[in-house]
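K.L.:
Sequence lines, in order, name chains Z and E.
For the first sequence, the working numbering begins at 1 and goes up steadily by one.
For the second sequence, the working numbering begins at 237 and goes up steadily by one.
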Amino acid sequence: MSSPANEQSEQPVPQPAGIVERLVRDDSDRKRFLKMAGAAGATSFGAFVLAACGSSSKSKTAASTAAAPPTTSTAAQNSSTGDLAIVNYALTLEYLETEFYAKVVASGLFTGTVGNLIKDFGAQEQTHVEALKGTAEKLGGTPAAKPEGKFPIQSASQVAHLAYTVENLGASAYLGQAGSIQSPEVLAAALAIHTVEARHAATLGTLVKKSVTPDGAFAKPADMPTVLAAVKPFLA
Amino acid sequence: MSYQINIDEVDVDGAVREAAEEVSGDTRLSFLTKAGVGAAGVMSGGAVLSALAPTAFAAGGGRPPASFGKGDIGILNYALTLEYLEAAFYNGATAANLPLSTQASVFLKVVTKDENAHVAFLKKALGSKAAKEPKFDFKGANTNAEMFLKTAQVLENTGVHAYSGQALNIKKGAYVKAAVSILTIEARHASVIGLLNDPSGEMIAPDGPFDTPFTAAEVLAAVKGTGFIVG
Chain Z
1 MSSPANEQSE QPVPQPAGIV ERLVRDDSDR KRFLKMAGAA GATSFGAFVL AACGSSSKSK
61 TAASTAAAPP TTSTAAQNSS TGDLAIVNYA LTLEYLETEF YAKVVASGLF TGTVGNLIKD
121 FGAQEQTHVE ALKGTAEKLG GTPAAKPEGK FPIQSASQVA HLAYTVENLG ASAYLGQAGS
181 IQSPEVLAAA LAIHTVEARH AATLGTLVKK SVTPDGAFAK PADMPTVLAA VKPFLA
Chain E
237 MSYQINIDEV DVDGAVREAA EEVSGDTRLS FLTKAGVGAA GVMSGGAVLS ALAPTAFAAG
297 GGRPPASFGK GDIGILNYAL TLEYLEAAFY NGATAANLPL STQASVFLKV VTKDENAHVA
357 FLKKALGSKA AKEPKFDFKG ANTNAEMFLK TAQVLENTGV HAYSGQALNI KKGAYVKAAV
417 SILTIEARHA SVIGLLNDPS GEMIAPDGPF DTPFTAAEVL AAVKGTGFIV G
């Protein structure tokens with residue numbers, strides 16, 4: 001067990017340079033992500049990803065959007081870089097989780113207690129979706145559209161491991177945004193959801209006999225490019 | 237200077253007593269299952285937002301009493317006090333060599349390591365302003381396997397409620413990040429012990445889809461109710 005100081009110094013700030021550039025340059029990937037974020041939020045979502053990473057992409061569209069002059073209206077700024085973009089990012093992840101659990105339930109791979117757990121987790125993700133949709137609207141924005149997911153559903157063990165991965169990703173994704181959220185109300189909602197993702201993740205860790213605290217005593221955040229790269233295989 | 241936290245002295249305005257009276261009649265264990273937002277099922281986003289961020293929290297309310305220190309120092313000392321309690325509880329349980337199932341033994345190892353790491357981290361962050369460790373008497377709750385498991389579940393969920401309740405009150409960005417990072421871990425511990433104690437899974441997320449923040453007064457009342465802090 002390392003000391004807290006080590007824990008801290010060990011915490012890499014995940015900045016996989018190039019992921020964003022790649023996303024922006026690779027047109028099919030880009031379209032996929034824009035589609036994922038919904039028609040109305042498409043530009044803003046992409047711009048947020050860029051702005052969040054301080055991308056120096058040479059892509060004209062991206063550069064001009066990310067470097068929007070300060071004359072941009074407040075509403076536009078909010079939708080491109082503010083809480084709304086974060087809420088729609090979270091909503092997109094929750095949509096995917098909800099669809100994943102729905103497909104797992106439909107697969108009939110799990111029965112009994114574990115089957116019920118999976119159902120409960122799916123229902124809680126659905127509630128997160130509803131809450132985040134409402135939050136996006138309350139912020140005066142358009143909620144991101146539901147993306148279409150694709151998930152490998154092969155065996156109980158494989159699915160349980162995948163669920164463990166997905167929930168851990170969800171928990172660190174929320175953690176990665178906690179410092180960027182401006183509105184206390186939105187932060188409260190994000191934190192209240194984030195701990196439930198952590199609860200799911202740890203429970204699944206117990207089921208698949210993996211660490212319930214894979215980061216040790218201090219959970220590590222994941223930034224948006226890292227999360228999006230991890231999510232990419234699950235987008236239809 | 238350092239702060240010696242005495243649960244009676246921090247009850248400066250009767251807030252703790254008030255909250256304690258509100259929850260009287262509850263057992264120590266049922267206290268934490270009360271009033272989960274999620275129990276209401278699917279709420280509209282607006283309703284969820286209002287429920288998750290009651291005015292008291294949004295306005296920076298629910299802070300620890302001034303005797304813990306000013307501003308962020310007070311919040312960190314409040315957190316440190318709760319972590320002292322958890323660490324001491326688990327250190328005692330480890331020393332007691334309890335007859336635990338394999339899964340419960342793994343849980344005890346993880347939480348003992350994590351909570352001691354949280355104590356060390358907060359003490360270091362606070363430096364000379366760190367609160368001293370209170371004296372604890374767990375009244376056998378960590379030397380009896382069954383009591384240990386039940387109490388651990390309460391302590392971990394209390395940790396979740398406490399950090400959730402203060403996250404919005406912390407000013408310094410680095411402390412916010414540390415607090416939510418620790419918050420995640422408390423939630424993970426809580427779900428694991430919840431499943432161990434109730435294989436139906438009902439206690440994995442006792443508040444439902446949204447964890448509930450508690451004010452410091454509510455948390456301190458719950459802690460006081462246990463009688464674990466004796467000086």
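Yeah, the Cβ is synthetic: ideal placement off N, Cα and C, and Gly gets one too.
Using a Cβ cut-off of 7 Å, pull out every chain Z residue sitting near phenylalanine 446/E, in sequence order please.
P.N.:
Here residue 446/E refers to the residue found at position 210 when the second sequence is read from its first residue. Residues of chain Z passing the Cβ test: Ala192, Ile193 and Val196.
K.L.:
Measuring CA to CA, which of Lys413/E, Ser341/E and Val455/E is closest to threonine 330/E?
P.N.:
Within the second sequence, the letter at position 94 stands for residue 330/E. The shortest Cα separation from threonine 330/E among Lys413/E, Ser341/E and Val455/E belongs to Ser341/E.
K.L.:
Look at the alpha carbon of alanine 423/E and the alpha carbon of glycine 141/Z, and state the distance between them as a whole number of angstroms.
P.N.:
Numbered from its first residue, the second sequence carries residue 423/E at position 187. Numbered from its first residue, the first sequence carries residue 141/Z at position 141. C-alpha separation (whole angstroms): 31 Å.
K.L.:
Distance check for isoleucine 118/Z and serine 400/E, CA to CA, integer angstroms please.
P.N.:
Stepping through the second sequence from its first residue, residue 400/E is reached at position 164. Stepping through the first sequence from its first residue, residue 118/Z is reached at position 118. Each residue's Cα considered, the two are about 25 Å apart.
K.L.:
Going along chain E, which residues have a C-beta under 9 Å from valine 212/Z?
P.N.:
Numbered from 1 along the first sequence, position 212 holds the residue referred to as residue 212/Z. Result: Val342, Phe343, Val346, Arg424, His425, Ser427 and Val428.
K.L.:
Assuming leucine 187/Z and alanine 201/Z are in contact, meaning their beta carbons sit under 8 Å apart, how far apart are those beta carbons, in whole angstroms?
P.N.:
Taking the first sequence and counting its residues from 1, the one referred to as residue 187/Z is at position 187. Taking the first sequence and counting its residues from 1, the one referred to as residue 201/Z is at position 201. Contact flag wrong, Cβ pair sits at about 20 Å.
K.L.:
If the cut is a Cβ gap below 7 Å, which residues of chain Z does leucine 431/E touch?
P.N.:
Within the second sequence, the letter at position 195 stands for residue 431/E. Correct list: Thr203 and Thr206.
K.L.:
Using 8 Å as the threshold, is the C-beta distance between isoleucine 311/E and isoleucine 406/E below it?
P.N.:
Counted from its first residue, the second sequence places residue 311/E at position 75. Counted from its first residue, the second sequence places residue 406/E at position 170. Yes, the Cβ-Cβ distance between isoleucine 311/E and isoleucine 406/E is below 8 Å.
K.L.:
I want to see whether chain Z comes within less than 8 Å of aspartate 308/E, judged by CB atoms only; does it?
P.N.:
The residue given as residue 308/E occupies position 72 in the second sequence. Output row for aspartate 308/E: interface = no.
K.L.:
How would you list, in chain order, the residues of chain E whose beta-carbon sits under 9 Å from the beta-carbon of histidine 128/Z?
P.N.:
Against the first sequence, residue 128/Z aligns to sequence position 128. Within chain E, the residues near histidine 128/Z are Pro445 and Phe446.
K.L.:
Please classify phenylalanine 234/Z: does DSSP put it in a helix, a strand, or coil?
P.N.:
As a position in the first sequence, residue 234/Z is number 234, starting the count at 1. Helix, per DSSP.
K.L.:
With asparagine 393/E as the anchor, note down where its alpha helix (DSSP H) starts and where it stops.
P.N.:
Numbered from its first residue, the second sequence carries residue 393/E at position 157. Where asparagine 393/E is concerned, the enclosing alpha helix (DSSP H) stretches over 381–402.
K.L.:
For valine 396/E, which residues in the same chain have their Cβ closer than 6 Å to its Cβ, ignoring the five residues on either side in sequence?
P.N.:
Mapped onto the second sequence, residue 396/E falls at position 160. For valine 396/E, where only same-chain residues beyond five positions count, the Cβ hits under 6 Å are Glu422, Ala423, Ala426 and Asp447.
K.L.:
Between which two residues does the alpha helix (DSSP H) holding valine 430/E run?
P.N.:
Counting from 1 along the second sequence, the entry for residue 430/E is found at position 194. Just to set this straight, residue 430/E is glycine in the shown sequence, not valine. Looking at the DSSP string, the run of the alpha helix (DSSP H) that includes glycine 430/E is 409–433.
K.L.:
Please report whether the beta-carbon of isoleucine 421/E lies at a distance below 8 Å from any beta-carbon of chain Z.
P.N.:
Position 185 of the second sequence holds residue 421/E. Answer yes: the Cβ-Cβ gap between isoleucine 421/E and chain Z drops below 8 Å somewhere.
K.L.:
Is it a yes or a no for the region 371–388 of chain E touching the region 313–326 of chain E, going by three-plus beta-carbon pairs under 8 Å?
P.N.:
The region 371–388 of chain E vs the region 313–326 of chain E: in contact.
K.L.:
Report yes or no: is there a C-beta of chain Z within less than 8 Å of the C-beta of aspartate 350/E?
P.N.:
Walking along the second sequence from the start, residue 350/E turns up at place 114. It does: the Cβ of aspartate 350/E has a partner Cβ on chain Z nearer than 8 Å.
K.L.:
Taking a contact to mean a Cβ-Cβ separation below 8 Å, would you say lysine 365/E touches glycine 305/E in this structure?
P.N.:
As a first step, residue 365/E must be located in the second sequence, where it is residue number 129. As a first step, residue 305/E must be located in the second sequence, where it is residue number 69. Yes, Cβ-Cβ distance for lysine 365/E and glycine 305/E is below 8 Å.
K.L.:
Is phenylalanine 234/Z closer than 8 Å to phenylalanine 121/Z when the C-beta atoms are compared?
P.N.:
As a working mapping, residue 121/Z is identified with position 121 in the first sequence. As a working mapping, residue 234/Z is identified with position 234 in the first sequence. No, they are not a contact pair.
K.L.:
Give the residues of chain E in contact with phenylalanine 218/Z, contact being defined as C-beta atoms less than 9 Å apart.
P.N.:
As a working note, residue 218/Z is residue 218 in the first sequence. Asp350, Ala353, His354, Phe357, Ala414, Ser417, Ile418, Thr420 and Ile421, listed in chain order.
K.L.:
Does any C-beta atom of chain E lie closer than 8 Å to the C-beta of glycine 82/Z?
P.N.:
Here residue 82/Z is taken as the residue at index 82 of the first sequence, counted from 1. Chain E, which has no Cβ nearer than 8 Å to the Cβ of glycine 82/Z, makes this no.
K.L.:
Between the region 93–124 of chain Z and chain E, which residues of the former have a C-beta closer than 7 Å to a C-beta of the latter?
P.N.:
For the region 93–124 of chain Z, which is checked against every Cβ of chain E, the residues closer than 7 Å are Thr113, Asn116, Leu117, Asp120 and Gln124.
K.L.:
Please report the straight-line C-alpha distance between leucine 432/E and glutamine 339/E, rounded to a whole angstrom.
P.N.:
Here residue 432/E refers to the residue found at position 196 of the second sequence. Here residue 339/E refers to the residue found at position 103 of the second sequence. Distance between the alpha carbons of leucine 432/E and glutamine 339/E is about 8 Å.
K.L.:
Could one say the Cβ of leucine 175/Z lies closer than 8 Å to chain E's Cβ atoms, at least one of them?
P.N.:
To locate residue 175/Z, count along the first sequence from 1; it is residue 175. Judged by the 8 Å Cβ criterion, leucine 175/Z is in contact with chain E.
K.L.:
Can you pull the chain E neighbours of leucine 91/Z, defined as C-beta to C-beta under 7 Å?
P.N.:
Taking the first residue of the first sequence as 1, we reach residue 91/Z at position 91. Within chain E, no residue comes near leucine 91/Z; the closest Cβ sits about 10 Å away, beyond 7 Å.
K.L.:
Would you mind sorting asparagine 352/E into buried or exposed? The rule is 16 or more other CB atoms within 10 Å of its CB.
P.N.:
By 1-based counting over the second sequence, the position of residue 352/E is 116. Asparagine 352/E is buried by the Cβ-count criterion.
K.L.:
Along the alpha helix (DSSP H) that carries leucine 139/Z, what are the first and last residues, could you check?
P.N.:
One-based indexing of the first sequence puts residue 139/Z at position 139. Careful: leucine 139/Z lies outside any alpha helix (DSSP H) and carries neither H nor E.
K.L.:
8 Å is my cut-off, CB to CB: does glycine 363/E come that close to chain Z?
P.N.:
Indexing the second sequence from 1 puts residue 363/E at position 127. With 8 Å as the cut-off, glycine 363/E does not count as an interface residue toward chain Z.
K.L.:
Here's a check: name, in chain order, each residue in its chain whose Cβ is nearer than 7 Å to the Cβ of phenylalanine 372/E, leaving out the five neighbours to either side.
P.N.:
Here residue 372/E refers to the residue found at position 136 of the second sequence. Result list for phenylalanine 372/E: Leu321, Ala324, Phe464, Ile465 and Val466, in chain order.
K.L.:
Please classify alanine 219/Z: is it buried, with 16 or more other beta-carbons within 10 angstroms of its beta-carbon, or exposed?
P.N.:
Mapped onto the first sequence, residue 219/Z falls at position 219. By the 10 Å Cβ count, alanine 219/Z comes out buried.
K.L.:
Name the two residues that bound the continuous alpha helix (DSSP H) containing phenylalanine 325/E.
P.N.:
The count along the second sequence starts at 1 and reaches residue 325/E at position 89. Its alpha helix (DSSP H) spans residues 307–331.
K.L.:
Mind checking whether threonine 113/Z and serine 436/E have CB atoms under 8 Å apart?
P.N.:
Start at 1 with the first residue of the first sequence, and residue 113/Z comes out as number 113. Start at 1 with the first residue of the second sequence, and residue 436/E comes out as number 200. Yes, the Cβ-Cβ distance between threonine 113/Z and serine 436/E is below 8 Å.
K.L.:
Inspect the beta-carbon positions of threonine 420/E and alanine 171/Z and report whether they are closer than 8 Å.
P.N.:
Position 184 of the second sequence, counted from the first residue, corresponds to residue 420/E. Position 171 of the first sequence, counted from the first residue, corresponds to residue 171/Z. The answer is yes: Cβ separation under 8 Å.
K.L.:
Nearest CA to the CA of alanine 403/E: which residue from Pro442/E, Ala452/E, Ala457/E and Pro370/E?
P.N.:
In the second sequence, counting from the first residue as 1, residue 403/E sits at position 167. Out of Pro442/E, Ala452/E, Ala457/E and Pro370/E, Ala452/E has the C-alpha closest to the C-alpha of alanine 403/E.
K.L.:
Give the interface partners of valine 396/E over in chain Z, defined as CB-CB distance under 7 Å, in chain order.
P.N.:
Your numbering for residue 396/E matches position 160 in the second sequence. Within chain Z, the residues near valine 396/E are Thr195.
K.L.:
Does chain E have any CB closer than 8 Å to the CB of glycine 140/Z?
P.N.:
Within the first sequence, numbered from 1, the residue matching residue 140/Z stands at position 140. By this cut-off, glycine 140/Z is not an interface position.
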